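Down below is the structure, laid out as structure tokens.
Residue numbers (the working numbering): 110 to 256.
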């Protein structure tokens with residue numbers, strides 16, 4: 110996995126509009142199998158080459174929520190990072206992610222409510238520069254004063 114900054118915490122007092130963090134990860138067959146085991150989602154479009162070949166995707170794809178989990182990793186590890194509490198997330202899946210794809214998950218600050226410690230984040234995942242997932246998240250950021 111490739112990160113643009115070290116993992117840790119950015120407190121509400123340090124967060125600024127437009128701040129952005131990302132990570133990149135190749136989605137592997139092992140990732141897909143582990144996600145299927147953990148989630149109990151064993152849809153054959155994710156796991157069975159022959160089955161998936163006859164679908165609109167013409168091949169196996171990763172679980173959408175596996176891809177979305179990379180956004181969670183950026184939020185929980187980088188921006189705001191450790192101590193962040195998820196309050197909500199919207200997602201729109203635009204294209205499939207396939208085994209072997211390098212996914213870049215990006216999170217950007219688009220709103221800050223210092224009084225309530227809430228941060229709005231624009232979220233997106235890209236493969237080869239093409240958006241495969243977009244959405245927004247609202248989180249409760251940690252504070253240097255209280256946490």
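Positions of the beta carbon are idealized from the N, C-alpha and C atoms, including for glycine.
No experiment lies behind these values; they were computed from the predicted model shown.
Query - Among 132, 124, 127 and 126, nearest to residue 115 - alpha-carbon criterion - result: Nearest of 132, 124, 127 and 126 to residue 115, Cα basis: 132.
Report task. Taking 7 Å as the cut-off, decide whether the C-beta atoms of residue 221 and residue 119 are in contact. Result -> No Cβ-Cβ contact shorter than 7 Å links residue 221 with residue 119.
Query raised in the report: Going by beta carbon distance, what residues of the same chain come within less than 7 Å of residue 250, once the five residues before and after it are set aside?
Result: Contacts found: 120, 121, 124, 189, 193, 226 and 228.
Requested in this report: Classify residue 141 as buried or exposed, calling it buried when 16 or more other Cβ atoms lie within 10 Å of its own Cβ.
Outcome: Buried is the label assigned to residue 141, since at least 16 other Cβ atoms lie within 10 Å of its Cβ.
Query raised in the report: Using DSSP with H/G/I as helix, E/B as strand and the rest coil, what is residue 214?
Result: DSSP places residue 214 within a strand segment (E or B) once states are collapsed to three.
Requested in this report: Please report how far the alpha carbon of residue 199 lies from the alpha carbon of residue 205, in whole angstroms.
Outcome: Each residue's CA atom was taken as its position, placing residue 199 and residue 205 some 17 Å apart.
Query raised in the report: Just checking my contact of residue 169 with residue 208 at CB under 8 Å: how many whole Å lie between their CB atoms?
Result: That pair is a contact at about 6 Å.
Query - Opening and closing residue of the alpha helix (DSSP H) in which residue 175 lies - result: Segment 173-186, the alpha helix (DSSP H) holding residue 175.
Query raised in the report: Does the Cβ-Cβ distance between residue 236 and residue 203 come in under 7 Å?
Result: No, the pair does not count as a contact, with Cβ atoms beyond the cut-off.
Query raised in the report: From what residue to what residue does the beta strand (DSSP E) around residue 148 run?
Result: Premise fails: residue 148 lies in the alpha helix (DSSP H), 138-148, not in any beta strand (DSSP E).
Requested in this report: Using beta-carbon positions only, say whether residue 197 and residue 247 come within less than 7 Å of one another.
Outcome: For residue 197 and residue 247, yes; Cβs fall inside 7 Å.
Query raised in the report: Per DSSP, residue 222 forms a beta bridge with which residues?
Result: In the DSSP assignment, the residues bridged to residue 222 are 227.
Report task. Give a yes or no on whether the C-beta atoms belonging to residue 176 and residue 234 are separated by under 7 Å. Result -> Their beta carbons are under 7 Å apart, which means residue 176 touches residue 234 by this criterion.
Query raised in the report: Looking at the unbroken alpha helix (DSSP H) that takes in residue 246, where does it start and where does it end?
Result: Note, residue 246: premise wrong, no alpha helix (DSSP H); beta strand (DSSP E) at 239-249.
Query raised in the report: Is it the case that the Cβ atoms of residue 136 and residue 171 are separated by a distance below 7 Å?
Result: Contact flag set, yes.
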